[in-house]
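**Student:** In the working numbering, the protein residues as written are 125 to 239. Structure provided below as structure tokens; questions to follow.
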């Protein structure tokens with residue numbers, strides 16, 4: 125299965141303090157023509173907006189399109205995952221949310237934002 129940049133997917137996300145994983149939403153940041161050619165994608169964690177903030181968090185405005193049930197933020201906790209571990213796609217980021225996440229990724233990398 126391939127996923128497009130900005131797809132919101134459900135993945136097993138490990139806890140940092142335990143050997144367990146929990147199904148969590150994530151946003152795909154890489155396109156299928158990059159890491160998808162080897163069956164992987166770079167993603168960012170999506171978490172509840174009620175959690176303590178991190179630098180570069182991006183509050184999501186269009187929750188319905190993203191398939192998220194509650195106020196959420198894209199957190200710049202980036203990871204690369206084998207696409208076989210993706211459980212399912214639940215949505216995609218809306219245009220304004222895409223621009224905001226791209227700006228946050230660019231700030232993280234010290235680069236100009238791109239679509």
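Every residue gets a Cβ at the ideal spot worked out from N, C-alpha and C, and that includes glycine.
Nearest-angstrom Cα distance between residue 203 and residue 158?
**Tutor:** As a position in the chain shown, residue 203 is number 79, starting the count at 1. As a position in the chain shown, residue 158 is number 34, starting the count at 1. About 15 Å.
**Student:** Whose C-beta lies closer than 8 Å to the C-beta of residue 127 among residues of the same chain, with five residues either side of it excluded?
**Tutor:** Residue 127 sits at position 3 when you count from the first residue of the chain shown. The answer, listed in chain order, is 133, 152, 156, 160, 165, 207, 210 and 213.
**Student:** Mapping DSSP to helix, strand and coil, what is residue 234?
**Tutor:** Counted from its first residue, the chain shown places residue 234 at position 110. The answer is coil: DSSP assigns residue 234 none of H, G, I, E or B.
**Student:** Out of 145, 149, 131 and 136, state which residue places its alpha-carbon closest to the alpha-carbon of residue 194.
**Tutor:** Residue numbering aside, residue 194 sits at position 70 when the chain shown is read from its first letter. Residue 149 is the option with its Cα nearest to residue 194.
**Student:** Give me the Cβ distance between residue 235 and residue 217, rounded to the nearest whole Å; I'm assuming they're in contact under 8 Å.
**Tutor:** Indexing the chain shown from 1 puts residue 235 at position 111. Indexing the chain shown from 1 puts residue 217 at position 93. At roughly 19 Å, the Cβ-Cβ gap does not stay under 8 Å, so residue 235 and residue 217 are not in contact.
**Student:** Are the beta-carbon atoms of residue 178 and residue 146 separated by less than 7 Å?
**Tutor:** Translated into positions along the chain shown, residue 178 becomes position 54. Translated into positions along the chain shown, residue 146 becomes position 22. No, the pair does not count as a contact, with Cβ atoms beyond the cut-off.
**Student:** Quick check on residue 186: does DSSP put it in helix, strand or coil?
**Tutor:** Translated into the one-based positions of the chain shown, residue 186 becomes position 62. Coil, per DSSP.
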